[in-house]
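Right, one structure below, let's go through it.
There are 2 protein chains.
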Amino acid sequence: MDLKRIAKDTSTVLISYLTFQAVKTVLNQLRETDPPRAYWLNAFSTKETLQDGDAYLTALLAEQGDLAIRIMTVRQHIAEEISEFLPEMVVTGIQQANMEHRRQHLERMTQLGDAEDVVEAELIQEPSADSDAPLD
Amino acid sequence: MDLKRIAKDTSTVLISYLTFQAVKTVLNQLRETDPPRAYWLNAFSTKETLQDGDAYLTALLAEQGDLAIRIMTVRQHIAEEISEFLPEMVVTGIQQANMEHRRQHLERMTQLGDAEDVVEAELIQEPSADSDAPLD
């Protein structure tokens with residue numbers, strides 16, 4: 001398991017995701033202060049262009065430099081504000097989700113066990129006197 | 001800006017992404033130890049099913065419980081190992097990328113400025129004596 005590479009890839013994905021969150025934030029602000037620009041930015045920001053946060057910013061810088069710089073400032077602010085809480089949120093989130101998956105899985109196994117017991121009990125009763133088609 | 005909601009959404013995205021990385025890790029291990037199972041898991045793990053890590057695990061638990069539990073163990077291990085490094089990687093990554101975007105943007109503006117100076121200088125020279133098609 002190449003943890004160094006995974007950490008690098010995860011950080012890249014995270015940076016793109018925070019860029020997307022910054023675009024959403026700026027879009028919401030523009031919708032109140034400058035609707036035509038919000039409309040323009042919304043059209044510019046498709047799912048495809050936002051896939052790679054830094055390619056998106058390069059393209060936006062060429063079109064509307066001040067918007068790109070505003071998004072860059074916002075994404076840095078978001079990163080600085082939330083990143084210290086992320087490790088615990090992620091580790092605890094995974095631990096809890098894993099526990100819940102295991103609990104549900106065990107429950108299903110137990111129910112399956114119960115169901116098998118029921119089937120077995122029924123088999124022991126077979127062939128019943130009023131059975132329409134007794135086995136053998 | 002709703003930082004609390006952004007942190008929550010980011011953590012959810014991150015958990016799904018680490019689940020995807022855990023699937024990749026287990027797939028690589030299986031390719032060496034049990035190719036037919038690697039083939040099966042690869043077919044099961046499409047981009048669509050992996051979009052939501054926990055829905056994926058629920059589905060996999062119903063089909064191949066031990067594989068799901070192995071992936072759950074691996075994603076928790078990855079999260080515990082890399083999450084402490086992520087905040088700095090992300091904040092530094094964004095700062096550096098932002099700086100690079102600003103540098104390139106300034107460079108383009110300066111070149112544009114130079115280009116405008118050149119055009120202006122040419123306009124001052126116009127109409128030149130040897131011009132083929134003088135303006136006006």
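For the record, the sequence lines run as chains G and A. When the letters of the first sequence are read in order and numbered with the numbering used here, they come out as residues 1 to 136. When the letters of the second sequence are read in order and numbered with the numbering used here, they come out as residues 1 to 136. Beta carbons: idealized from backbone N, C-alpha and C, even for Gly.
CB contact check: residue i to chain A, cutoff 8 Å
i: E126 (chain G); result: Unreliable placement is indicated for E126 (chain G), whose pLDDT of 49 sits below 50; the coordinate value is still reported in the next sentence. Cβ-Cβ to chain A under 8 Å: no for E126 (chain G).
i: Y17 (chain G); result: yes
i: Q96 (chain G); result: no
i: Q64 (chain G); result: no
i: A7 (chain G); result: yes
i: Q51 (chain G); result: no
i: Q154 (chain G); result: Nothing about residue 154 (chain G) can be reported from this structure: the residues present for chain G run from 1 to 136 only.
i: A59 (chain G); result: no
i: E80 (chain G); result: yes
i: L14 (chain G); result: yes
C-beta atoms of residue i and residue j nearer than 8 Å
i: T25 (chain G); j: M99 (chain A); result: no
i: V153 (chain G); j: L50 (chain G); result: Because residue 153 (chain G) is not part of the residues shown, which for chain G are 1 to 136, the question remains open.
i: L18 (chain A); j: L41 (chain A); result: no
i: H105 (chain A); j: L60 (chain G); result: no
i: I6 (chain A); j: Q21 (chain G); result: yes
i: E63 (chain A); j: F44 (chain A); result: yes
i: S83 (chain G); j: V91 (chain A); result: yes
i: L3 (chain G); j: E81 (chain A); result: yes
i: D52 (chain A); j: S11 (chain A); result: no
i: R89 (chain A); j: H101 (chain G); result: What sits at residue 89 (chain A) in the sequence shown is Met, not Arg. Result no, Cβ atoms of M89 (chain A) and H101 (chain G) do not sit closer than 8 Å.
i: D66 (chain G); j: A97 (chain A); result: no
i: P87 (chain G); j: P87 (chain A); result: yes
Residue-level contact to chain G via CB, residue i, 8 Å cutoff
i: L112 (chain A); result: no
i: S83 (chain A); result: yes
i: V23 (chain A); result: no
i: T10 (chain A); result: yes
i: L27 (chain A); result: no
i: S131 (chain A); result: Residue placement at S131 (chain A) is flagged as unreliable, the pLDDT there being 45, under the threshold of 50; the coordinate-derived value follows with that caveat. False, the Cβ-Cβ gap to chain G never drops below 8 Å.
i: D34 (chain A); result: no
i: L30 (chain A); result: no
i: D136 (chain A); result: Note that D136 (chain A) scores 42 on pLDDT, short of 50, meaning its location in the model is unreliable and no value can be drawn from it.
i: L41 (chain A); result: no
i: L67 (chain A); result: no
Residue i - containing alpha helix (DSSP H), residue span
i: F184 (chain G); result: One cannot answer for residue 184 (chain G) here, as it falls past the ends of chain G, which runs 1 to 136.
i: L54 (chain A); result: Before going further, note that residue 54 (chain A) is Asp rather than Leu in the sequence given. Per DSSP, D54 (chain A) belongs to the alpha helix (DSSP H) from 53 to 63.
i: E48 (chain A); result: 47 to 50
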